[in-house]
Structures are given as structure tokens and as C-alpha cells.
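In what follows, a structure is listed as C-alpha cells, so that the remarks can point back to it.
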Amino acid sequence: MDLRHITAFVAAYEEGSINRAAQRLNLAQPSVSGILRDLEAEIGGPLFERLARGSRPTIAGDTFYKHCLRVLAEIDAARKAVTNGADRVAGPVHIGLAPTVAKGLMPRFIAGYLADYPDVQLRVAEAFSGPLAEWTLSGEVDFAVVAVPPVDRRLVIRRLAPDPIFLISAAGGLAATTTGPLSAMAPLKLVMPSPRNGLRIMLDRYIHAVGLPIDRLIEVDSLHGTLEVVKRSDWVTLLSITSILRELDRGELAARRTDPPVDLEFYLIHPARRALSAAAALFVARLEQAFCVSQAEWAHLVADETVSATIR
């Protein structure tokens, strides 16, 4: 068994078709079929059920796939270590971030990160969870930070941090003047992201579960746009606290904890067959530190009597 067998098997497993695997590998279909037959002969059993259209992995195929991903990740890690040098943090890093993370967390550490690692070429794309997952699988980004991770064996998924959800209003609005369960409030004029945004999926479940009354609903797929609408009107929104800490500190918005409480969870996702580079791993470490700092700042704002009226 060699890397050629593993690569052909992974392509056939993920494509669900030997023909599509051959196209992906830029090989002739009979060549890929032969490689897989040799692999199955060595293993001593079938890895796929051949169907009229495509193929389906056997139980042995599912098990073998998990091990193949680890092998490919180790090979990728070795290649990156040799290419960049054992002690050198360098190379391109392509990152996908959810809007809350891009606005609320990345500015906290990005300048220091780039100053410490001047040989890193950074590219950051901001999007919702769905596109970020697609870009991660296609290789357009090396990794992404999402609010709603997909269920996909091709991805490594790791929980990073929770971020509490708050009802957000203008400085003198509902978030500053109401208490108690959200279900007891008068019907809200609510700004929400569209269903394309992973946050909306989670919020819809919460709204249904607690019976949140809604008078009118508008959909705005922009964090900046949502905050501007809320600042200048009696409309409200539901957002994680990290995305608005600066606005709270400046007295531009008011926030109250959802009652009952709910948290937004953030996850790191990256392809299982590719290892994070040293530069990418260090970026993630800085991001996790920023989450911790953000949580400490939120706790400080709650305790600070001079701003306690804007956050409840």
C-alpha cells in the first residue's frame, strides 16, 4: 500500500463515484479502478459496494477512510514543516471568519500577529457559516471560524468558545428599560439575518422555544447594517456580545441578556486531510486569547457602575 492507493481511495470515497474520482485525480477511470482493486486485494475485502450509479462505502471503507485522513494530514504537516523550515513561521494563510469574529475579535490581535510574523501573507474572507464551510472543503480557505458547523467527515471540527446572545437596542431603548423574560415583552420590531446565516437558524429555534413575540421582522445580511438600523430607530436585534462591545463602551447601544439565556457557539473547521500550518495554528491561538479577553471585558462592563445602565 502506498500514497497512490490512499489518494485514489479518498477521492472515490468523497466523490461517491470512481468516474468522478478519476476526473478529480486527472487519471483514466480504468486506472483508478485498478488501483482500488489492488488496494482491496491487499486489505482482503471490499471497500465499496459498486452500484448502478456510483459506489457506496462498506463498513470497512468507512473505517479505512478515517485512517486515511490521518495519514494525509501527517504527510501534509511534514511537507509544510520541511517547506517552511522547522523554526520559521511563514507562507500564505487563507482564513474564513464569521462576521462577529471578523468585527469583534480579529482587530484586537491582527496588528500584533502580523508584526510578530512578518513572513506570513494573510488573506481573510468574511461570510456566513454555509459559504465558509464550502470554501473550507474546496480549499479556498485553510480553515474557518463558524457559528454553525456542518456535519461532514471531511472536516475536523473543534469548539472554540461560547458567546452570550443579548437583546440589542438603541441606547435608551428596550434593552435599557425592560427586564424579565423576553416572552413577556410587547411584540418586537426585530432585525434578523436571513436564513442563509447560521446565526438565524439558531435564533429561530430559540424564538420558537421561548415564544418571543414579534410584531415585524426585517432581514439584513450585514452586521454593520443591522447595528446602524438599531442605533437610529426603535428596532431591536439579537446578537452575540462580542460583536458590540465597542458600541456599548461608547454608549451607542444598550444590551440585556436573553431571558432565558442562550449562547452562540463558535467552531474551528478545517479539512481533515490537511494539517494547519504553524502560521495558521498561531492565528487560532491568538483568536482563542481574544475570546478570553472579550469575555473578561464583558464581565467588567457588567460590574462597572458607569456603564451598567447600557448592559443588563
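Here this note's numbering is used: the sequence shown runs in plain steps of one and ends on residue 746.
Backbone N, C-alpha and C fix where the C-beta goes; we use that ideal spot for every residue, glycine too.
Computed from a prediction, not measured in an experiment: that's the story for all the values here.
Check                                                                                                                                                                           : Outcome
Do the region 561-570 and the region 530-547 meet, that is, are 3 or more Cβ pairs less than 8 Å apart?                                                                         : yes
Using C-beta distances below 7 Å, list every residue in its chain close to arginine 588, excluding the 5 sequence neighbours before and after it, in chain order.               : Glu448, Leu571, Pro705 and Ala706
Assuming phenylalanine 543 and alanine 724 make a contact with CB atoms under 8 Å, what is their CB distance in whole Å?                                                        : 5 Å
For the region 651-659 against the region 687-701, are there 3 or more C-beta pairs whose distance is under 8 Å?                                                                : no
Please state whether DSSP places tyrosine 547 in a helix, a strand or coil.                                                                                                     : helix
Helix, strand or coil: which one does DSSP assign to leucine 687?                                                                                                               : strand
Can you tell me the Cα-Cα spacing of arginine 748 and tyrosine 547, whole angstroms?                                                                                            : Because the chain in this structure spans residues 435 to 746, residue 748 falls outside the shown range and cannot be described.
What does a CB cutoff of less than 7 Å around alanine 445 pick up in its chain, not counting 5 residues either side in sequence?                                                : Ala455, Arg458 and Leu459
With contact counted as at least three CB pairs below 8 Å, one residue from each stretch, are the region 614-625 and the region 665-679 in contact?                             : yes
Based on the DSSP output, what are the partners of alanine 762 in its beta bridges?                                                                                             : No answer is possible for residue 762: the residues shown for the chain start at 435 and end at 746.
What first and last residue would you give for the alpha helix (DSSP H) that runs through phenylalanine 443?                                                                    : 437-449
How long is the line joining the alpha carbons of alanine 494 and methionine 435, rounded to whole angstroms?                                                                   : 16 Å
Are phenylalanine 600 and isoleucine 675 close, meaning C-beta to C-beta below 8 Å?                                                                                             : yes
Going along the chain, which residues of its own chain have a beta-carbon closer than 8 Å to the beta-carbon of valine 527, five neighbours each way excluded?                  : Val554, Gln555, Leu556, Arg557, Asp576, Ser711, Ala713, Ala714 and Phe717
Could you pull out every residue in the same chain whose Cβ sits closer than 6 Å to the Cβ of aspartate 510, ignoring the five residues on either side in sequence?             : Arg708 and Ala709
Evaluate cysteine 726 with the Cβ neighbour count: other Cβ atoms within 10 Å of its Cβ, from every protein chain shown; 16 or more gives buried, anything less gives exposed.  : exposed
State the CB to CB distance for the pair leucine 698 and alanine 581, rounded to an integer number of angstroms; the pair is presumed to be in contact (CB under 8 Å).          : 6 Å
Just verifying my parser: in three-state terms, what is the DSSP assignment at arginine 587?                                                                                    : coil
Quick check: what's the CA-CA separation for proline 694 versus proline 491?                                                                                                    : 44 Å
What is the DSSP secondary structure of glycine 614, counted as helix, strand or coil?                                                                                          : coil
Could you tell me the alpha carbon to alpha carbon distance between threonine 740 and asparagine 631, rounded to whole angstroms?                                               : Only weak support exists for where threonine 740 lies, its pLDDT of 43 falling under 50; the value from the coordinates is given anyway. So the two alpha carbons sit approximately 35 Å from each other.
Can the beta-carbon of serine 677 be found closer than 8 Å to that of lysine 514?                                                                                               : no
Does the region 495-508 come into contact with the region 471-486, if we say contact requires no fewer than three beta-carbon pairs (one atom in each stretch) closer than 8 Å? : yes
Once DSSP output is grouped into helix, strand and coil, what is the label at serine 742?                                                                                       : Interpretation of serine 742 is limited by its pLDDT of 45, a score under 50 that renders its predicted location unreliable; the figure taken from the coordinates is listed afterwards. Three-state result, serine 742: helix.
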